[in-house]
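Contents: one structure, followed by commentary.
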Amino acid sequence: MNKILLIIQREFLNRVQKKSFLIATILLPLIFPAIMAILVYVAMEQKKNADKETIYYVDDSGFFVPDSSKFRFKKFDVDVNIAKRAFQEDNSSYGLLHIPRFDLAHPKGISLYTKVNPSPKEIGDIEYMLSNRIRELKMQKFNIDQRMLDSLKTDVSIQSINMSDEGLEKSSDSKVLFIVGMAGGILMYMFIFIYGAQIMQGIIEEKTSKVVEVIVSSVKPFQLMMGKIVGLASVGLLQFLIWIVLISTLTSVVLGYFGLEMPQQQMMNEMSQQNPAMQNQDMMEVLKLLGQIPFGFVIFNFLFYFLGGYLLYGALFAAVGSAVDSPAEAQQFMFPITIPMLISYFGLFTFILDDPHGPISVWLSIIPFTSPIAMMGRIAFGVPTWQLLLSMVSLIAGFMFTTWVAARIYRVGILMHGTKINYKVMAKWFMMKG
Amino acid sequence: MEALTAKNVTKRYTNHLALDNVTLTIPAQTIFGLLGPNGAGKTTFIRIINQIINSDSGEISIFGERLQQKHIGTIGYLPEERGLYKKLKVGEQLIYLARLKGLSRRDAVEKSKAWVKKFDVTEWWNKKVEDLSKGMAQKVQFISTVMHEPRLIILDEPFSGFDPVNAQIITHEILELKEKGCTIIFSTHRMETVEDLCDYIALIDKSKKILEGSKKQVKETYRTNTYWVEHKGSFNFSSPNYEVIEQRNVEDSFYKSVVRVNDGTSPNLLIRDLTALTEVHSFIEKIPTMSEIFISLVKGGRHE
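And the structure:
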């Protein structure tokens, strides 16, 4: 037992003392907000400095009223063919809009001539402008008053309320939960992959440098394997915690600089001020919802499923690492391991987030191989306690099972060099007596 | 007292028998040569002693006790396939390996510093192993094998990768360890090492032990009753008591011959008979080298 601790400590220090760990841990959270800040800044600058494009128009219909909020419109009172020729020679203008005489019911033949391909947004802006104008004309024609139209329109918004087991009513908004679930699932996928691959790499290194024979003359192969897996898990947890702290501080600093605030903080500010003049009702709702997501609970579950999923897959990665002589050789065995992960990862986007309480989603979140990612997708939507407990217990059973299988392959594999490996050979090792 | 006894040790892998009923006794404070061709089962036997793998049947005891977990610190093992953590510094590495053998942190630091000083490699302490030459890494590995003061040291091809100067240093170290009371098991192909250093040997071939004993005994057993004779003037025997196996002209009328003395006669009688035939310049028994014994036994086995 003592020796496992020694190995855990060694593995932990080996990774944490590396420059690459420092870089990944400190710089990554710096880089993300930095990129975000730069993008926001550039976008803001661009908007400020953007010059409106000039569009000439030839209006044969006589209905067009230019709206100069997006473009600078200049009327051309000539025949369209002459206008076209003039436009061809002119370099300062962006486009030539031709509005022929048209039937209000079926407006046809409106064309925009440009020298570069216009973006969908620009076309959309012009189309919107025209259809608005036509609508106005039609209203006049049918004698419809704008006020009458407004009074016809009724805004219905459903507030969905989740009656939890405890009888508490919680408002829920699937959009916010969707994002929380997606972020959790993707993070889980990345973490399991990155750290699982590191276990494998470490074992291949030990095997190829032949140091493993010296080590297993001092400790049991199982101790070495577990020491490595747990050591790396502790590195992963440390890294995750540092990221949470760094990202949340940095984002609030960066967003604060641009006059935005972290949603939670903003909500707290709003609540403390009891601002009655809150204009944006939707925003208010979202903030209220964010506040209602039990982040502590989500993070606890994330850590549990990260550990469980990591141990489960880590053992399999360890088995593969022990069997092969090089990372290249490991590729072929990685694929079957990654299939359940991929299933749950794609399932996350295709049905888990859309229908978190559907039978497939429920089963994927209970089966140990897919549960870490699937459960992350569901967790924010509220999961019945029995499902959560069943899923957790089967995850624990699952990693005990994979660890047992992996250990049997590992103890033989690490001492084998230059053997041609396939599944049959691994099965043979598995069956081998101590 | 015996450092190690193995009784009827058998190990079977799925499609072959790696060790077949091997029984061995290794006396304490000796250098014991474990010989055998590649694939004979030496490494399997060593791994069983190191508890890396378990035997299927048979019993092994170390210094009178049944082999068990606690003996890990009693044994120092230098595998044939050497290896250290490449990215780890020499000092950290030595301390880590010693602690895995059960030393406390303080002892591990103290002992590794002492050994590094003894080998005059103090300046490597903060160097990563990947920056060392092969010979340097071998020295570090040797230190890691013996620094926890094991009573039984197992060295698998210890001299491979050493230049003659370093081999000399290691040889000196091994003899010193033996003086201090350690028992050393050598697994090697290099017969000159066996000739120079080993007190006892065992030969394993095709999973079976086919020879065991002190070097002297073994040589006694495999003496061939042949003698080197240097003489002036050629000769030949008519008597069936002797047989000339080889006669070579060295220069002018000087010859060197190998003569076998058949049963029922003695070297003294041979000398008497030779003086009548030729002018004898030297007469010495042709003692078989370990290499010859090894080859004849292993080859003999192959012909069966």
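Sequence lines, in order, name chains A and B. My numbering numbers the first residue of the first sequence as 1 and each following residue consecutively. My numbering numbers the first residue of the second sequence as 435 and each following residue consecutively. Ideal Cβ positions, reconstructed from N, Cα and C, are used throughout, including at glycine.
Ends of the beta strand (DSSP E) at TRP404/A?
Premise fails: TRP404/A lies in the alpha helix (DSSP H), 385 to 413, not in any beta strand (DSSP E).
Give the interface partners of LEU22/A over in chain B, defined as CB-CB distance under 7 Å, in chain order.
What LEU22/A touches in chain B: nothing, since even the nearest Cβ is about 15 Å away.
Under 7 Å, CB to CB, which of the residues in the segment 654 to 667 of chain B have a partner in chain A?
none
Might you give, ordered along the chain, the residues of its own chain that have their beta carbon closer than 8 Å to the beta carbon of SER394/A, omitting 5 neighbours on each side?
ILE366, ILE367, PRO368 and SER371
Here's a check: name, in chain order, each residue in its chain whose Cβ is nearer than 8 Å to the Cβ of LYS19/A, leaving out the five neighbours to either side.
none
What residues match up with TRP662/B in a beta bridge as DSSP calls it?
VAL692/B and ILE718/B
Taking CB distances under 8 Å as the criterion, tell me whether ASN275/A reaches chain B.
With a pLDDT of only 46 at ASN275/A, under the threshold of 50, the placement of this residue in the model should not be trusted; the figure read from the coordinates follows. No, ASN275/A does not count as interfacial toward chain B.
Taking all protein chains shown into account, decide if MET200/A is buried (16 or more other Cβ within 10 angstroms of its Cβ) or exposed.
buried
What is the rounded straight-line gap between the Cα of ALA407/A and the Cα of ASP630/B?
43 Å
Using only alpha-carbon positions, find the residue among GLY62/A, TYR128/A and PRO107/A that is nearest to SER69/A.
TYR128/A
By the criterion of Cβ-Cβ separation under 8 Å, what are the contact partners of LYS210/A in chain B?
PRO513, GLU515, ARG516 and GLY517
Give the single residue among ALA233/A, GLY109/A, SER209/A and ILE4/A whose Cα lies nearest to the Cα of MET416/A.
SER209/A
According to DSSP, residues forming a beta bridge with ASN683/B
TYR689/B
Using the three-state DSSP reduction, which class does ASN14/A fall into: helix, strand or coil?
helix
Partners in chain B for MET432/A, counting only beta-carbon separations shorter than 8 Å:
TYR447 and THR448
Identity of the residue in MET375/A, MET376/A, VAL362/A and ALA323/A nearest ASN422/A by Cα:
ALA323/A
Is any beta-carbon of chain A found at less than 8 Å from that of ARG500/B?
no
CA-CA distance, LEU97/A and GLY109/A?
11 Å
Could you check whether the segment 435 to 452 of chain B touches the segment 345 to 360 of chain A, counting it as contact only if at least three pairs of C-beta atoms, one from each stretch, sit closer than 8 Å?
no
What's the C-alpha gap between SER648/B and ILE465/B?
10 Å
Closest to CYS694/B by CA distance: which of GLU685/B, ILE705/B and PHE688/B is it?
The identity of residue 694/B in the sequence shown is Arg, whereas the question assumes Cys. The residue with the shortest Cα to Cα distance from ARG694/B is ILE705/B.
State buried or exposed for PRO221/A, treating a residue as buried only when at least 16 other CB atoms are found within 10 Å of its CB.
buried
Taking all protein chains shown into account, do 16 or more other C-beta atoms lie within 10 angstroms of the C-beta of GLU493/B, making it buried, or fewer, making it exposed?
exposed
According to DSSP, which residues form a beta bridge with GLU677/B?
ARG694/B
Nonlocal neighbours in the same chain, by C-beta distance under 6 Å from ASN275/A, ignoring five residues either side
Bear in mind that a pLDDT of 46 at ASN275/A, under 50, signals an unreliable position, so the model cannot answer this.
Residues bridged to LEU586/B by DSSP?
ILE509/B and THR617/B
Report the residue from ILE215/A, LYS48/A and LEU22/A whose alpha carbon sits nearest the alpha carbon of LEU238/A.
LEU22/A
When you compare only the Cα positions, how much space is there between ILE186/A and ILE194/A?
12 Å
By Cβ distance, which residues of its chain are closer than 8 Å to LEU522/B, with the 5 residues on each side in sequence left out?
TYR530, LYS562 and VAL563
According to DSSP, simplified to helix, strand and coil, what is GLY498/B?
coil
Is it buried or exposed for GLY296/A, if we count other Cβ within 10 angstroms and need 16 for buried?
exposed
Report all residues from its chain with a CB closer than 7 Å to the CB of MET426/A; omit the five preceding and five following residues, and keep chain order.
ALA323 and ILE409
Pick from ASP59/A, VAL58/A, MET139/A and MET190/A that is closest to LEU342/A, judged by C-alpha positions:
MET190/A
Contact criterion: CB-CB distance below 8 Å. Does ASN472/B meet it with respect to chain A?
no
Got a sec? Which residues, its chain only, sit under 7 Å from SER361/A by beta carbon, not counting five neighbours each side?
PHE351, ILE352, ASP355, ALA374 and ARG378
Tell me the rounded alpha-carbon separation between ILE26/A and ARG539/B.
32 Å
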